Structures are given as C-alpha cells and as structure tokens.
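Student: Encoded as structure tokens, here's the structure I'll be asking about.
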Amino acid sequence: MSTIEKIQTFIILFAVTCGIALGQFNIVHTYSDKFIVPSLFFMLYGLFLSIPLKEIKNGFRNLKFAGTSLTINFLWTPFLAWGLGALFLSDHPALWIGFIMLMVTPCTDWYLIFTEIAKGNVALSTAILPVNLILQVLLLPIYLFLFAGVMKTVAVSVLVESIVIVIVLPFLLAHATKFIMNKMKKADALENKIIPFFSSAQIVFLSLAIVAMFASQGKYLLQNMNVVLLLLIPVLLFFIINFLLGQFIGRIMHLSYKDTVSLSLTTLARNSPVALAIAVTAFPDEPLIALALVIGPLIELPVLACVSQVLLLIKKKQQYT
2 MSTIEKIQTF
12 IILFAVTCGI
22 ALGQFNIVHT
32 YSDKFIVPSL
42 FFMLYGLFLS
52 IPLKEIKNGF
62 RNLKFAGTSL
72 TINFLWTPFL
82 AWGLGALFLS
92 DHPALWIGFI
102 MLMVTPCTDW
112 YLIFTEIAKG
122 NVALSTAILP
132 VNLILQVLLL
142 PIYLFLFAGV
152 MKTVAVSVLV
162 ESIVIVIVLP
172 FLLAHATKFI
182 MNKMKKADAL
192 ENKIIPFFSS
202 AQIVFLSLAI
212 VAMFASQGKY
222 LLQNMNVVLL
232 LLIPVLLFFI
242 INFLLGQFIG
252 RIMHLSYKDT
262 VSLSLTTLAR
272 NSPVALAIAV
282 TAFPDEPLIA
292 LALVIGPLIE
302 LPVLACVSQV
312 LLLIKKKQQY
322 T
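So, in structure tokens, the structure goes:
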C-alpha cells in the first residue's frame, strides 16, 4: 500500500474541514459549487481510463451480484431508512423526509472511487450504475408517498443532466482517448504516462470536489449544528447495519473480495448531490429537507473513507481470493 493510500482517509477529512472553513468567505461560498462537477468529471475520466471496456461488459452478465445489490438498495434499504427515521426523527418530519430521500438513492459517482481505493471490482460497480439510476428515478416518488405521505414527482431532467455530465461524458471521453491513442500507436504513452498520472490524481480530484461541495454549504452547516447532531446517529446506524449486511451476504454467497467490496460500497454510498437537486426543486418551502441532504455527505464521506481502509484490512487478515 502506497503512502497516499495509507493517508487517504485523512486527506478526505482535511478536504471536508477546508471546505467548511473556506465556505465562511462569501466569494468562495458563492462560486464554489461551480467546481464540483468538473472535479467529479476528471476524477471519473481517470478512473474509466484504467478500466477495460470488456470488464464492464462482463459486469452486466453478473446476475447474482446485480440481483443482490438491487434487492438491498431498493427493497431492504427503504424500510431501514423509514425505521431509523421513525426511531430518531419522528419529531422532525422535514428531516425525516430528507433522510429518506438521501438513503433511498444509491450513489452514481464517487462510490466508484472508494471501490477503487478498496481494491474492489470497479467494472462490476460501473455496470450496475445505469440500473441504479433508472430505478431511483422510478421509485423515489413511490418511496416518498409510502414512507412520508408526500406526493411529488421527480424532475427526471435533473438526474439525466447530472448523469450525462458526470458519468456518460467522462466514460465516452476515456474510451475515445484509448481508441485514438491506440490508432496513433501511442499505447505505451497511454499505459505508462497518462493512466498512471490520472490514477495518482484521482484522490486530488475527489478532494477538490469535496472542498467545493462543503465550501458551498459550509455556512449552513455551522449555523445548524443541532441538525447535524440529530442526523448523526441514524446516518451512522444506516452505514453500520448495511456494511455488516453486505459483508454477511458476501460471505454466504461466496463472493470474491473484489465483488464483496463492490456490493458493500454500492449499498452504502448515497446519491446526495442528485437528491439535493431534487429536494430544492420539489420542496422549495422546506429548507430542512435540503439541509438533511447537505449534512449527509459530511458524515458519509469520512465513513466511506474509513470503510475503504477497513475493507483493505479485512483483505489482508482474511486473505480473500
């Protein structure tokens, strides 16, 4: 494990802290959100450069993994989110709705980087991404009605725009880069210079995205620390329960270490940026709903960084295949 890999958790925590601190300056607070999407774009461009297209195609054929992850994400997780909300947030209905929105929308971007950090099956995680996207678009209004008694439609355009810019374009650009470099007989430069550079820079781009995200919301976070404390326990319990569940299911289904990592992270990471965009448009008069979705990543990102390191320790101690 390289030095950078060993301190990735601290790098992410430092990025969160820097973002909140920088967000106290008005000019940074105003413009920082413009840097979130470009940072995620280059982060995933570099990641996709290192994944052979054939591996992603093979990922689509892994029906056992797909069925398991979809069952956890779209059947088990909504009930878990509702139960935790009922237990801890019943006196705060707006936060409860925000908590449900956060937990029922699986991540479609940065979980790939944490999968890479933990040496998981990134191609398999990429293959399941389109299905996660489609199902969360279709099911989010149903979840809101069933668990929160709220009838709202989801602006599909918000989701589609986010996914096209953050996922589809870097994916296409990465494979276009590989195609052009191979045609120009520059495969050596691609393998020995370009891919290693972007692989090393992935944590930099992720950190920039984190700094920008928390800088854009830093003032709200510090002004509402009581809300952070209200959400801390249910969010942490969600991650602990789903992590243990993912590890247990990976064991009983005899998944490889790489596939178990992918299962754990695709069922842990949440789609807070997209859920936040939906909340702002669907609930303009309920700022606490949006605030819950801002606070989510404050807890989630350090947790995912720690989970990545825990998974690496599990690999080392138990010697997965």
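Using my numbering, you'd call the opening residue of the sequence shown number 2 and step up by one each time. For each residue, glycine too, the CB sits at the ideal point set by N, CA and C. Keep in mind the model is a prediction, meaning the values are calculated, not measured.
#1: By the DSSP assignment, the alpha helix (DSSP H) with Lys186 in it spans what residues?
#2: Give the range of the alpha helix (DSSP H) segment to which Val38 is assigned.
#3: How is the alpha helix (DSSP H) around Phe240 delimited, first residue to last?
#4: At what residues does the alpha helix (DSSP H) containing Phe91 begin and finish?
#5: Can you grab the Cα-Cα spacing for the pair Phe75 / Ala22, in whole Å?
#6: Please check the pair Gly99 and Leu299, which I expect to be a contact at CB under 8 Å, by giving their CB distance rounded to whole angstroms.
#7: Just verifying my parser: in three-state terms, what is the DSSP assignment at Pro53?
#8: Count the other C-beta atoms from every protein chain shown that fall within 10 angstroms of the C-beta of Leu230, then say buried if there are 16 or more, exposed otherwise.
#9: Helix, strand or coil for Lys316? Go by DSSP, reduced to three states.
#10: Would you mind reading off the limits of the alpha helix (DSSP H) that contains Pro285?
#11: Could you tell me the alpha carbon to alpha carbon distance between Ser263 and Leu96, rounded to whole angstroms?
#12: So Glu301 and Ser265 are in contact, right, with Cβ under 8 Å, and what is the actual spacing, rounded?
#13: Could you tell me the alpha carbon to alpha carbon distance between Gln25 and Ser126, rounded to whole angstroms?
#14: Considering only the alpha carbon of each residue, which of Lys55, Lys35, Ile73, Ala202 lies closest to Asn243?
#15: Exposed or buried, what is Ala306 when buried is set at 16 or more other beta-carbons lying within 10 Å of its beta-carbon?
#16: Going straight from the alpha carbon of Thr33 to that of Phe215, what length do you get?
#17: Could you check whether Phe240 and Leu277 sit closer than 8 Å to each other, using their CB atoms as the reference points?
#18: Throw me the rounded Cβ distance for the Leu207 and Trp111 pair, which I believe falls under 8 Å.
#19: Please state if the CB of Pro171 and the CB of Tyr258 are separated by a distance shorter than 8 Å.
#20: Assuming Ile57 and Ala128 make a contact with CB atoms under 8 Å, what is their CB distance in whole Å?
#21: Can you tell me the Cα-Cα spacing of Ala210 and Leu88, whole angstroms?
#22: What's the C-alpha gap between Asp92 and Gly86?
#23: Give me, in chain order, the residues of the same chain whose beta-carbon lies closer than 7 Å to that of Ile234; leave out the 5 immediate sequence neighbours on both sides.
#24: Does the distance from the C-beta atom of Pro79 to that of Phe148 stay below 8 Å?
#25: Assign Leu312 to one of two classes, buried (16 or more other C-beta atoms within 10 Å of its C-beta) or exposed (fewer than that).
#26: Where does Arg271 land, buried or exposed, given buried means 16+ other C-beta within 10 angstroms?
#27: Could you tell me if Lys179 is buried or exposed, where buried requires 16 or more neighbouring beta carbons within 10 angstroms of its beta carbon?
#28: Would you report the Cα separation of Ser217 and Pro288, rounded to the nearest angstrom?
#29: Would you tell me roughly how many angstroms separate the C-alpha atoms of Thr267 and Cys108, rounded to the nearest one?
#30: In angstroms with no decimal places, state the Cα-to-Cα distance between Lys55 and Ala124.
#31: Report the option in Trp83, Val236, Lys35 whose CA atom is closest to the CA atom of Tyr144.
#32: Quick one, are the C-beta atoms of Leu294 and Met102 less than 8 Å apart?
Tutor: Based on what the coordinates show:
#1: Taking the first residue of the sequence shown as 1, we reach residue 186 at position 185. Looking at the DSSP string, Lys186 is not in any alpha helix (DSSP H), and its letter there is neither H nor E.
#2: The count along the sequence shown starts at 1 and reaches residue 38 at position 37. 37-50 is the extent of the alpha helix (DSSP H) around Val38.
#3: In the sequence shown, residue 240 corresponds to position 239, counting from 1. It spans 226-253 - the alpha helix (DSSP H) in which Phe240 sits, taken as one unbroken run.
#4: Mapped onto the sequence shown, residue 91 falls at position 90. Looking at the sequence shown, residue 91 is not Phe but Ser. DSSP places Ser91 outside any alpha helix (DSSP H), giving it a letter other than H or E.
#5: Locating residue 75 in the sequence shown gives position 74, counting from the first residue. Locating residue 22 in the sequence shown gives position 21, counting from the first residue. Take the alpha-carbon of Phe75 and the one of Ala22: they are about 36 Å apart.
#6: Mapped onto the sequence shown, residue 99 falls at position 98. Mapped onto the sequence shown, residue 299 falls at position 298. Actually they are not in contact, since the Cβ atoms of Gly99 and Leu299 sit about 13 Å apart, beyond 8 Å.
#7: In the sequence shown, counting from the first residue as 1, residue 53 sits at position 52. Correct three-state label for Pro53: coil.
#8: Numbered from 1 along the sequence shown, position 229 holds the residue referred to as residue 230. Residue environment for Leu230: exposed (fewer than 16 other C-beta atoms within 10 angstroms of its C-beta).
#9: Counting from one through the sequence shown, the residue named residue 316 turns up at place 315. DSSP, reduced to helix, strand and coil, places Lys316 within a helical segment of the structure shown.
#10: Your numbering for residue 285 matches position 284 in the sequence shown. No alpha helix (DSSP H) contains Pro285, which DSSP labels as neither H nor E.
#11: In the sequence shown, residue 263 corresponds to position 262, counting from 1. In the sequence shown, residue 96 corresponds to position 95, counting from 1. Distance between the alpha carbons of Ser263 and Leu96: 29 Å.
#12: As a working mapping, residue 301 is identified with position 300 in the sequence shown. As a working mapping, residue 265 is identified with position 264 in the sequence shown. That belief does not hold up - the Cβ atoms of Glu301 and Ser265 are roughly 14 Å apart, past 8 Å.
#13: Mapped onto the sequence shown, residue 25 falls at position 24. Mapped onto the sequence shown, residue 126 falls at position 125. Each residue's alpha carbon lies about 36 Å from the other.
#14: Indexing the sequence shown from 1 puts residue 243 at position 242. The option with the nearest alpha carbon to Asn243 is Ile73.
#15: For the purposes of this step, residue 306 is taken as residue 305 along the sequence shown, with counting starting at 1. That one is buried.
#16: Residue numbering aside, residue 33 sits at position 32 when the sequence shown is read from its first letter. Residue numbering aside, residue 215 sits at position 214 when the sequence shown is read from its first letter. The question names Thr, but residue 33 in the sequence shown is Ser. If I take the Cα positions, the gap works out to 9 Å.
#17: As a working note, residue 277 is residue 276 in the sequence shown. As a working note, residue 240 is residue 239 in the sequence shown. In this structure, Phe240 does not lie closer than 8 Å to Leu277 by Cβ.
#18: What you label residue 207 is simply residue 206 of the sequence shown in a count that begins at 1. What you label residue 111 is simply residue 110 of the sequence shown in a count that begins at 1. That belief holds up - the Cβ atoms of Leu207 and Trp111 are roughly 7 Å apart, short of 8 Å.
#19: For this step, residue 258 is matched to residue 257 along the sequence shown. For this step, residue 171 is matched to residue 170 along the sequence shown. No.
#20: Position 56 of the sequence shown holds residue 57. Position 127 of the sequence shown holds residue 128. Contact between Ile57 and Ala128 holds: CB atoms are separated by about 5 Å, below the 8 Å threshold.
#21: Position 209 of the sequence shown, counted from the start, is the residue given in the question as residue 210. Position 87 of the sequence shown, counted from the start, is the residue given in the question as residue 88. Between Ala210 and Leu88, the C-alpha separation is close to 33 Å.
#22: Counting from one through the sequence shown, the residue named residue 92 turns up at place 91. Counting from one through the sequence shown, the residue named residue 86 turns up at place 85. Inter-residue distance for Asp92 and Gly86 is about 10 Å (C-alpha atoms, whole angstroms).
#23: By 1-based counting over the sequence shown, the position of residue 234 is 233. Counting only residues of its own chain and dropping the five nearest sequence neighbours on each side, Ile234 has a CB closer than 7 Å to the CB of Phe89.
#24: Position 78 of the sequence shown, counting from 1, holds the residue named residue 79. Position 147 of the sequence shown, counting from 1, holds the residue named residue 148. The answer is yes: Cβ separation under 8 Å.
#25: By one-based count along the sequence shown, residue 312 stands at place 311. By the neighbour-count rule (16 or more Cβ atoms within 10 Å), Leu312 is buried.
#26: Here residue 271 corresponds to residue number 270 of the sequence shown, with the count starting at 1. Classification for Arg271: buried.
#27: Position 178 of the sequence shown, counted from the first residue, corresponds to residue 179. Classification of Lys179: buried, given that the 10 Å Cβ count is 16 or more.
#28: What you label residue 217 is simply residue 216 of the sequence shown in a count that begins at 1. What you label residue 288 is simply residue 287 of the sequence shown in a count that begins at 1. Here the alpha carbon of Ser217 sits roughly 15 Å from the alpha carbon of Pro288.
#29: On the sequence shown, residue 267 is found 266 positions in, with the first residue counted as 1. On the sequence shown, residue 108 is found 107 positions in, with the first residue counted as 1. Those two C-alpha atoms are separated by around 7 Å.
#30: Within the sequence shown, residue 55 is the residue found at index 54, counting from 1. Within the sequence shown, residue 124 is the residue found at index 123, counting from 1. Their Cα atoms are separated by approximately 9 Å.
#31: Taking the first residue of the sequence shown as position 1, residue 144 is located at position 143. Measuring from the Cα of Tyr144, the nearest candidate turns out to be Trp83.
#32: As a working note, residue 294 is residue 293 in the sequence shown. As a working note, residue 102 is residue 101 in the sequence shown. Yes, they are a contact pair.
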